[in-house]
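Student: The structure is given below, and queries will be raised subsequently.
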Amino acid sequence: MYTVVLMLCLIISCIVLAPGLQGTLEKIPGFCSHLTDCNKLVGYLAVYRVCFAFALFYLLMCVLMINVKNSRDSRSSIQNGFWAVKFLIIGGVLIGAFFIPRGSFSQVWMIFGLGGAFLFIIIQLIIMVDFAHSWNESWYRKAEETDNKIWFYGLLFFTVAMYCATITATVLFYVFFTKPDGCGLNKFFVSFNLIACIIISIIAILPKVQEVQPRSGLLQSAVISLYTTYLTWSAMSNEPDAKCNPQGVTLEGGKLTPHADFQTVIGIIVLFVMVIYSSVRNSSATSVGRFSLSSNKEETTAIPEPSSAPSGDEESGRPGQKVWDNEQDAVAYSYSFYHFMLALATFYIMMQLTNWYSPESASIVSLSSNWSSVWVKIASSWVCMLLYIWTLVAPLILPNRDFS
């Protein structure tokens, strides 16, 4: 349900950015002239206000859920119920957000958005690296336990497929995003990330790395390489240089604006998937804790086994569904941290939809190009590879730490 609320935030934000919305509202008799100022209901400021309301809700829940250790805590009922009240609170804060005077609201809230989005990107990259390792470990373990070669064939197939996709995309980058007599920055981006992908693939199969991490392999490197390739494409697609960005269209005054075509659709789909997956996956303490420098094994939060205590219906002899509370001893995930991650995801949505440093030109159909988006995405690709390299070499650098 909290994820659905996050999706609702994304949908409303896309709606208020839709072109022609203000004209549609003005057709409603007396709505814009008597009830409200329709200028407040559209554009990037409307997105700021929508995300303000949802972020405030998640941060409120984050504070309320601090130190909830099991379901016997009375606050756990707030986490798992009272949905009518929660939606009323969200609706009330959302309406109130549109009455905030413009003043310095946009500038101040942009700073909060930049900070929150940056934190979300970092943890999102950690989750991507964790996903690559978890996928390989899961299928490798199933292959050993079942002695079924299909799991090995699956690993081989997806590894080869992702490397082929990476190589194909890189060739297309050189064809469409570079010119023989120019586009030096794009040549650097593509070449540097290609070399980095080769380096991480070699490191993954080095004997020293294999000795301390027997399940380290090329599948993880293929996942990171493909994701890095996507970030490279997404970054170059946001360049304002018309000569080096074939996906844009030059408007009057030489301004470059990408169409709402394949690039925009893929970007929105990836935004949906990454925001939802990262938010849900981040609730696990082991996902982020794996990358900490702590050497204390007991700091990792284990998910408790289901309790044998029956539900109230079974105790009273009444017929009903047999339900066991598996959080009577300890919660399966940190409630407070989960809401904190959803708040960061809200900031990430806000900054993505409003072009980061250039919110005035934001539109869901025509996303303006700017160098801030380019460097954010390129820097993200480099951080992602550095995190992956760290997971490979950390056992060699810190031999006394248990990375299992």
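Residue numbers (mature numbering (1 follows the signal peptide of the UniProt record, and there is no 0)): -23 to -1, 1 to 381. Using N, Cα and C, we set each Cβ at its ideal position, and we do this for glycine too.
If I'm right that residue 147 touches residue 358 with Cβ under 8 Å, what's the distance once you round it to whole angstroms?
Tutor: Their Cβ separation, rounded to whole angstroms, is 13 Å, which puts residue 147 and residue 358 out of contact at 8 Å.
Student: State yes or no: is the C-beta of residue 326 within less than 9 Å of the C-beta of residue 39?
Tutor: It is not a contact, given that the beta carbons lie outside the stated cut-off.
Student: Are the region 208 to 220 and the region 365 to 380 in contact at 8 Å, needing three or more beta carbon pairs?
Tutor: At 8 Å Cβ cutoff, the stretches do not touch.
Student: Pull up the CB-CB distance for residue 181 and residue 195, whole angstroms please, since I reckon it's below 8 Å.
Tutor: Yes, they are in contact, since the Cβ atoms of residue 181 and residue 195 sit about 6 Å apart, within 8 Å.
Student: Return helix, strand or coil for residue 80, following the three-state DSSP convention.
Tutor: It is coil, neither helix nor strand.
Student: Can you tell which of -19, 22, -18, 208 has the C-alpha that lies nearest to the C-alpha of residue -8?
Tutor: Minimum Cα distance to residue -8 is reached at 22.
Student: Is the CB-CB distance between residue 72 and residue 37 below 9 Å?
Tutor: For residue 72 and residue 37, no; Cβs fall outside 9 Å.
Student: Specify the secondary structure class of residue 20 as computed by DSSP and reduced to three states.
Tutor: It is coil, neither helix nor strand.
Student: Less than 8 Å between C-beta atoms, sequence neighbours within five positions excluded: which residues of the same chain meet that for residue -23?
Tutor: Contacts found: 60.
Student: Give a yes or no on whether the C-beta atoms belonging to residue 99 and residue 318 are separated by under 9 Å.
Tutor: Not a contact, by the Cβ cut-off of 9 Å.
Student: Between the C-alpha atoms of residue 115 and residue 74, what's the straight-line distance to the nearest angstrom?
Tutor: Going by the C-alpha atoms only, they are around 45 Å apart.
Student: Determine the direct distance from the alpha carbon of residue 83 to that of residue 374, and round the result to whole angstroms.
Tutor: Residue 374 and residue 83: Cα-Cα distance of roughly 45 Å.
Student: State buried or exposed for residue 80, treating a residue as buried only when at least 16 other CB atoms are found within 10 Å of its CB.
Tutor: Classification for residue 80: exposed.
Student: In terms of residues, what are the limits of the alpha helix (DSSP H) holding residue 57?
Tutor: First-last of the alpha helix (DSSP H) with residue 57: 53 to 57.
Student: Give me the DSSP bridge partner(s) of residue 185.
Tutor: Residue 185 is not bridged to any residue.
Student: Hey, how far is the Cα of residue 55 from the Cα of residue 33?
Tutor: Taking the straight line from one Cα to the other gives about 16 Å.
Student: Where does residue 194 sit, in a helix, a strand or coil, going by DSSP?
Tutor: Residue state, collapsed to three classes: coil.
Student: With DSSP collapsed to three states, give me the class of residue 126.
Tutor: Coil, per DSSP.
Student: Once you ignore the five residues that flank residue -20 on each side, which residues in its own chain have a CB closer than 8 Å to its CB?
Tutor: Answer for residue -20: no residue qualifies.
Student: Rounded C-beta distance between residue 105 and residue 203? I'm assuming under 8 Å.
Tutor: At roughly 10 Å, the Cβ-Cβ gap does not stay under 8 Å, so residue 105 and residue 203 are not in contact.
Student: Tell me the DSSP secondary structure of residue 156 in three-state form.
Tutor: It is a strand residue.
Student: Helix, strand or coil for residue 175, going by three-state DSSP, please let me know.
Tutor: Residue 175 falls in the helix class under three-state DSSP.
Student: Just how far apart, CA to CA, sit residue 137 and residue 127?
Tutor: So the alpha carbons of these two residues sit roughly 15 Å apart.
Student: When burial is assigned at 16 or more other CB atoms within 10 Å of the CB, is residue 51 buried or exposed?
Tutor: Residue 51 comes out exposed.
Student: With H, G and I counted as helix, E and B as strand and the rest as coil, what does DSSP make of residue 372?
Tutor: Of the three classes helix, strand and coil, the one that applies to residue 372 here is helix, per DSSP.
Student: Taking the alpha helix (DSSP H) that residue 75 belongs to, which residues open and close that run?
Tutor: Careful: residue 75 lies outside any alpha helix (DSSP H) and carries neither H nor E.
Student: Kindly indicate which three-state DSSP category residue 43 falls into: helix, strand or coil?
Tutor: DSSP places residue 43 in coil when its eight states are reduced to three.
Student: For residue 331, count neighbouring C-beta atoms within 10 Å of its own C-beta (all shown protein chains included) and say buried if the count is 16 or more, exposed if not.
Tutor: Buried, because 16 or more other Cβ atoms sit within 10 Å of the Cβ of residue 331.
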